[in-house]
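Worksheet: one structure, shown below.
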Amino acid sequence: MNSMMTDLPDPHGFFGGSSNRGHGDPQRLGYGGRYVAETLMPLIGEIETAYDEARADPVFRARLQELQRDYVGRATPLYFAERLTEHFGGARIYLKREDLNHTGAHKINNALGQALLAQRMGRQRLIAETGAGMHGVAVATVAARLGLPCVIYMGATDIQRQQPNVQRMHLLGAEIVPVHSGTATLKDAMNEALRDWVANVDDTFYIIGTVAGPAPYPRMVRDFQSVIGVETREQLLATQGRLPDTLVACVGGGSNAMGLFHAFLDDDVAMVGVEAAGEGLESGRHAASINGGTPGILHGNRTYLLQDDDGQIRDAHSISAGLDYPGVGPEHAHLHDSGRASYVAVTDDEALEAVALCCRREGILPALESAHALYHAGQLAAAQGPDQVIVVCLSGRGDKDMDTITRQLMPEEAES
Amino acid sequence: MSVSSLNTDVLDTDVLSTEVLNMSNSNTEALIVDSRLTRRFAALRVENRAALVTYVMAGDPDPETSRELLERLPAAGADIIELGMPFSDPMADGVAIQRAGQRALANGQSLARTLEMARDFRKRDDETPIVLMGYLNPIQRFGEDRFLQAAADAGVDGLILVDLPPEHGASLTAKARDLGLARIPLVAPTTPPERLSALLAQGDGFVYRIAFNGVTGSRRPDIADSLGESLIELKRRSPLPVAVGFGVRDGETAAAVARIADAVVVGSALVERLAESGLEGALGLTRELAESIDGARRGES
Numbered sequence: 005m006n007s008m009m010t011d012l013p014d015p016h017g018f019f020g021g022s023s024n025r026g027h028g029d030p031q032r033l034g035y036g037g038r039y040v041a042e043t044l045m046p047l048i049g050e051i052e053t054a055y056d057e058a059r060a061d062p063v064f065r066a067r068l069q070e071l072q073r074d075y076v077g078r079a080t081p082l083y084f085a086e087r088l089t090e091h092f093g094g095a096r097i098y099l100k101r102e103d104l105n106h107t108g109a110h111k112i113n114n115a116l117g118q119a120l121l122a123q124r125m126g127r128q129r130l131i132a133e134t135g136a137g138m139h140g141v142a143v144a145t146v147a148a149r150l151g152l153p154c155v156i157y158m159g160a161t162d163i164q165r166q167q168p169n170v171q172r173m174h175l176l177g178a179e180i181v182p183v184h185s186g187t188a189t190l191k192d193a194m195n196e197a198l199r200d201w202v203a204n205v206d207d208t209f210y211i212i213g214t215v216a217g218p219a220p221y222p223r224m225v226r227d228f229q230s231v232i233g234v235e236t237r238e239q240l241l242a243t244q245g246r247l248p249d250t251l252v253a254c255v256g257g258g259s260n261a262m263g264l265f266h267a268f269l270d271d272d273v274a275m276v277g278v279e280a281a282g283e284g285l286e287s288g289r290h291a292a293s294i295n296g297g298t299p300g301i302l303h304g305n306r307t308y309l310l311q312d313d314d315g316q317i318r319d320a321h322s323i324s325a326g327l328d329y330p331g332v333g334p335e336h337a338h339l340h341d342s343g344r345a346s347y348v349a350v351t352d353d354e355a356l357e358a359v360a361l362c363c364r365r366e367g368i369l370p371a372l373e374s375a376h377a378l379y380h381a382g383q384l385a386a387a388q389g390p391d392q393v394i395v396v397c398l399s400g401r402g403d404k405d406m407d408t409i410t411r412q413l414m415p416e417e418a419e420s
Numbered sequence: 593m594s595v596s597s598l599n600t601d602v603l604d605t606d607v608l609s610t611e612v613l614n615m616s617n618s619n620t621e622a623l624i625v626d627s628r629l630t631r632r633f634a635a636l637r638v639e640n641r642a643a644l645v646t647y648v649m650a651g652d653p654d655p656e657t658s659r660e661l662l663e664r665l666p667a668a669g670a671d672i673i674e675l676g677m678p679f680s681d682p683m684a685d686g687v688a689i690q691r692a693g694q695r696a697l698a699n700g701q702s703l704a705r706t707l708e709m710a711r712d713f714r715k716r717d718d719e720t721p722i723v724l725m726g727y728l729n730p731i732q733r734f735g736e737d738r739f740l741q742a743a744a745d746a747g748v749d750g751l752i753l754v755d756l757p758p759e760h761g762a763s764l765t766a767k768a769r770d771l772g773l774a775r776i777p778l779v780a781p782t783t784p785p786e787r788l789s790a791l792l793a794q795g796d797g798f799v800y801r802i803a804f805n806g807v808t809g810s811r812r813p814d815i816a817d818s819l820g821e822s823l824i825e826l827k828r829r830s831p832l833p834v835a836v837g838f839g840v841r842d843g844e845t846a847a848a849v850a851r852i853a854d855a856v857v858v859g860s861a862l863v864e865r866l867a868e869s870g871l872e873g874a875l876g877l878t879r880e881l882a883e884s885i886d887g888a889r890r891g892e893s
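As you go down the protein sequences, you meet chains A and B in turn.
The opening residue of the first sequence carries number 5 in this note's numbering; numbering runs sequentially from there.
The opening residue of the second sequence carries number 593 in this note's numbering; numbering runs sequentially from there.
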């Protein structure tokens, strides 16, 4: 294993590539960087400096840990999924229960960290984009906790299909701005949040919800999420005296996956990111940027994107709003190119099948996003022996998806 | 004029990185080449008049209308033309330019067609500078070297790349300069002095000063009031002409900006007028803006 993996990105915010950051030579370009409008450049530089100071500050770390424990409810359990394991009859499947966090997903790990940083920097207003609404709920939650006003940008299409989360955000006191531009989903919400930020650089902090965006966001979000992998490592060592053989996590932008993977990058542990194949990679209606995309520049970073021959960003499609994004975090792009992690894709139907199976066999309703990882983990487990250990990041709970799930799996109930 | 474009400030020691500094040293000569941009600004200086820079989106609302608009803009009073390269996700643009880009893309516009438009324009007009403005991804997809060569061949004079900061721009800038393409830097109200040095080191043609923190198309009739000091600072730091854009929507604002800057950029207002009242409406607004700018400095003296 490359022992330098955990040291990335380089000081320019690039993962991989050579030291020449010029353009025109794709072989020499890494992923990441800071491709944003000049108005934002100085502010993003300030965030990087403030973040590096904060992470070295024992007071900041203690405050974050205290809130992680008492407010978020960490550490989350690493749960042996006995009946799922039995079902597949192969490798032992463990679930890292991020669904048991306050607000029901891993998103709050990052929202809390960034909100504390915003407060430390004296920023009085929080903004965020959200797709499924889990990041929006997490930001609205920590904003309420810290007493800061917040504005959430959400695609009009997503507002339709994630009503429970919209209502939660309102109840938490957040202002929700519906985004109608483009495809009215996550990427457009991110564009609109960036536009808000350009206009409000003086007092606003943009809490990006995934391991993408201009440097230092991919690194900062990964660091705040890396608690997932750090705990998993400790928990498995404590109970089983060993490391896992394989880690599996869903990848939209890829924050729960980077959070799980990071603590294991220098170990002999296989890593699989599961993208959303939507209606199938061949259908063109999917959200698999690595499996079905090409490198390009969007939202401040160079990474794999769904785009056409003219460099216009294509619509992503997934049954799960949280994976419905035409890009992926730059560190995943690098892990893919370097071969350190592998990336597969799971369809809408397969994810639904995993939802039903996990409900029936474990009594756990997973988010549609997480169900993509569960499906692939099942396939892997079936092909492996009982001496193998697979850890799946159960990144969130599925209550928010009940409408979609009911319509797809129980159409007769949806109609009644 | 051409000699005065030699930018001695690029040798400031407080640039962002040695990469930037080295690049600027080796390419300083590119700054003194005679170009349509330097000739146009020199002529305007003699006339004591600010330039009217008109932004239109290539292919908006359709290829034919866009082509005709481009061709007739100079006669209506445009001194320099910014031609927008449509992108699906223009994160620094307001609604007007977002919609213009979507209309253009829906009607089949592509980067190749935009370059073709510039080439056709140049066949008929060898005087009016054309500057391409847009985002990096379509250029990357087209191929950076191929794009730069095609732009130079088409008679394009400069590039404004919204999401390419100097930290990542050294290589593209060097290649652009070798081909005689000016890299026009965007300078924001938030830009601190040390960043300004890096931007100016990679910049030529003119400096585009963003009038306020925000996206294109916001209504800010008072922009000229707050700009005075920062423009003086810019002129002290760089011999390049300074254009002011974002928020100029009418003749009155244009005239106020024309009194303190070398060029006035109008984009969203023009794009909106085109959408509302068509080609003649857009040309009418261009004439109105040109008249206001024309009278601005004379009215004052």
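Virtual Cβ for every residue (Gly too), placed ideally from N, Cα, C.
For residue i, go through chain A and note every residue whose CB falls closer than 8 Å to its CB, in chain order.
i, result
"residue 809 of chain B", "Chain A residues near residue 809 of chain B: none, gap ~10 Å exceeds 8 Å."
Measuring only between beta-carbons, confirm whether residue i sits less than 8 Å from chain B.
i, result
"residue 224 of chain A", "no"
"residue 100 of chain A", "no"
"residue 316 of chain A", "yes"
"residue 52 of chain A", "no"
"residue 26 of chain A", "With a pLDDT of only 48 at residue 26 of chain A, under 50, the local geometry of the prediction cannot be trusted, and the value read off the model is given with reservation. At least one chain B Cβ lies under 8 Å of residue 26 of chain A."
"residue 156 of chain A", "no"
"residue 38 of chain A", "yes"
"residue 230 of chain A", "no"
"residue 301 of chain A", "yes"
"residue 195 of chain A", "yes"
"residue 128 of chain A", "no"
Could you tell me whether the Cβ of residue i comes closer than 8 Å to any Cβ of chain A?
i, result
"residue 863 of chain B", "no"
"residue 780 of chain B", "yes"
"residue 680 of chain B", "yes"
"residue 806 of chain B", "yes"
"residue 702 of chain B", "yes"
"residue 751 of chain B", "no"
"residue 730 of chain B", "yes"
"residue 653 of chain B", "no"
"residue 697 of chain B", "yes"
"residue 787 of chain B", "yes"
"residue 759 of chain B", "yes"
Which residues in chain B have a C-beta closer than 8 Å to the C-beta of residue i? List them in chain order.
i, result
"residue 125 of chain A", "In chain order: nothing, as chain B lies at least about 15 Å away."
"residue 41 of chain A", "683, 684, 754, 755, 778 and 780"
Would you identify the three-state DSSP class for residue i, choosing helix, strand or coil?
i, result
"residue 852 of chain B", "coil"
"residue 690 of chain B", "helix"
"residue 299 of chain A", "strand"
"residue 10 of chain A", "helix"
"residue 58 of chain A", "helix"
"residue 128 of chain A", "coil"
"residue 637 of chain B", "helix"
"residue 370 of chain A", "strand"
"residue 240 of chain A", "helix"
"residue 751 of chain B", "strand"
"residue 211 of chain A", "coil"
"residue 860 of chain B", "helix"
"residue 415 of chain A", "helix"
"residue 84 of chain A", "strand"
"residue 725 of chain B", "strand"
"residue 311 of chain A", "strand"
List the residues of chain A that residue i touches, going by C-beta distances under 7 Å, in chain order.
i, result
"residue 734 of chain B", "315"
"residue 783 of chain B", "42 and 46"
Contact check, residue i vs residue j under 8 Å by CB: the rounded distance?
i, j, result
"residue 755 of chain B", "residue 41 of chain A", "6 Å"
"residue 403 of chain A", "residue 369 of chain A", "7 Å"
"residue 163 of chain A", "residue 182 of chain A", "6 Å"
"residue 285 of chain A", "residue 358 of chain A", "Going by Cβ atoms, the distance from residue 285 of chain A to residue 358 of chain A rounds to 18 Å, so no, they are not a contact pair."
Report the neighbours of residue i on chain A: residues whose CB is nearer than 9 Å to its CB, in chain order.
i, result
"residue 802 of chain B", "41, 42 and 43"
Cβ closer than 9 Å: which chain B residues qualify as neighbours of residue i?
i, result
"residue 186 of chain A", "680, 681, 690 and 694"
Using a Cβ cut-off of 7 Å, pull out every chain B residue sitting near residue i, in sequence order please.
i, result
"residue 16 of chain A", "759"
"residue 404 of chain A", "None at all; the shortest Cβ gap to chain B is about 26 Å."
Can you pull out the residues from the segment 198-218 of chain A whose beta carbon lies closer than 8 Å to at least one beta carbon of chain B? 198, 199, 202, 203, 204, 205 and 206
Interface positions of the segment 280-312 of chain A facing chain B (Cβ-Cβ less than 9 Å), listed along the chain: 298, 299, 300, 301, 302, 303, 304, 306, 309, 311 and 312
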